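Enquirer:
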Amino acid sequence: MEAVMPLEVEIPSLRVLLDSELEEVEWEKVRYEQLNLISEKRIAAICHHQLYQRRMAKSYDKKVRPRGFHEGDLVLKKILPLPGEDQSKWAPNYEGPYVVKKAFSGGALMLSRMDGEDLVRPVNSDSVRKYYA
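Just add 2 to wherever you are in the sequence shown, counting from 1, and you've got my numbering.
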């Protein structure tokens, strides 16, 4: 008994078809039909993958709650440790509160301290959280 690769079981090669004693014209016809089926299967797999991606995105988006910041909101800014600087377990994770001076559409925020002093650089909205007082 001869070993047949799994690919040859689904798409028979010339060697497998010679063992089944098909004529060359009939083999070409069968081979052409199988190659056409491969492209159809590939298209079906791509459509299935896109449908799956859409379904996963929809289920993820159900759980996501948008965080909108407006001018005048109080926020806490995350303290980002510098490389090489040890941060202990008990060190604070956030600093503030800050006041949102301006909120941009891309998620950037211009912050100012409570005494009115502005921060030099804008801050990404992912690194702040609302402060409820």
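We put the beta carbon where it would ideally sit given N, CA and C, even for glycine.
Being a predicted model, the structure only gives us computed values, none of them experimental.
Near Lys43, which residues of its chain fall below 6 Å by C-beta distance, leaving aside the five closest residues on each side in sequence?
Expert: Answer for Lys43: no residue qualifies.
Enquirer: Where does the unbroken alpha helix (DSSP H) through Ser114 begin, and where does it stop?
Expert: It is not in any alpha helix (DSSP H) - Ser114 instead sits in the beta strand (DSSP E) that spans Ala110 to Arg115.
Enquirer: Just verifying my parser: in three-state terms, what is the DSSP assignment at Asn126?
Expert: It is a strand residue.
Enquirer: Compare the Cα-Cα distances from Pro94 to each of Ala105, Val102, Lys79 and Val101 and report the closest residue.
Expert: The candidate whose alpha carbon is nearest that of Pro94 is Lys79.
Enquirer: If I'm right that Cys109 touches Ser127 with Cβ under 8 Å, what's the distance once you round it to whole angstroms?
Expert: In the sequence as displayed, the identity of residue 109 is Gly instead of Cys. Yes, they are in contact, since the Cβ atoms of Gly109 and Ser127 sit about 4 Å apart, within 8 Å.
Enquirer: Can you tell me which of Arg56, Gly70 and Phe71 puts its alpha carbon nearest to the alpha carbon of Lys64?
Expert: For the residues Arg56, Gly70 and Phe71, the minimum Cα distance to Lys64 belongs to Arg56.
Enquirer: Could you have a look at Tyr54 and say whether DSSP puts it in helix, strand or coil?
Expert: Correct three-state label for Tyr54: helix.
Enquirer: Mind checking which residues open and close the beta strand (DSSP E) that includes Gly98?
Expert: Note, Gly98: beta strand (DSSP E), Tyr96 to Ala105.
Enquirer: Put Arg33 into one of helix, strand or coil per three-state DSSP.
Expert: Three-state DSSP puts Arg33 in a helix.
Enquirer: State the Cα-Cα distance for the pair Val66 and Met58, rounded to the nearest angstrom.
Expert: Computed Cα separation, rounded: 13 Å.
Enquirer: Have a look at Ala47 and Lys31 and give me their C-alpha separation to the nearest angstrom.
Expert: Cα to Cα, the separation comes out at about 24 Å.
Enquirer: Assuming contact is defined by CB atoms lying nearer than 8 Å, are Leu111 and Pro99 in contact in what I supplied?
Expert: No; because the gap between Cβ atoms is not below 8 Å, this pair is not in contact.
Enquirer: Considering just the uninterrupted stretch of the beta strand (DSSP E) at Val77, what are its terminal residues?
Expert: Leu76 to Lys80 is the extent of the beta strand (DSSP E) around Val77.
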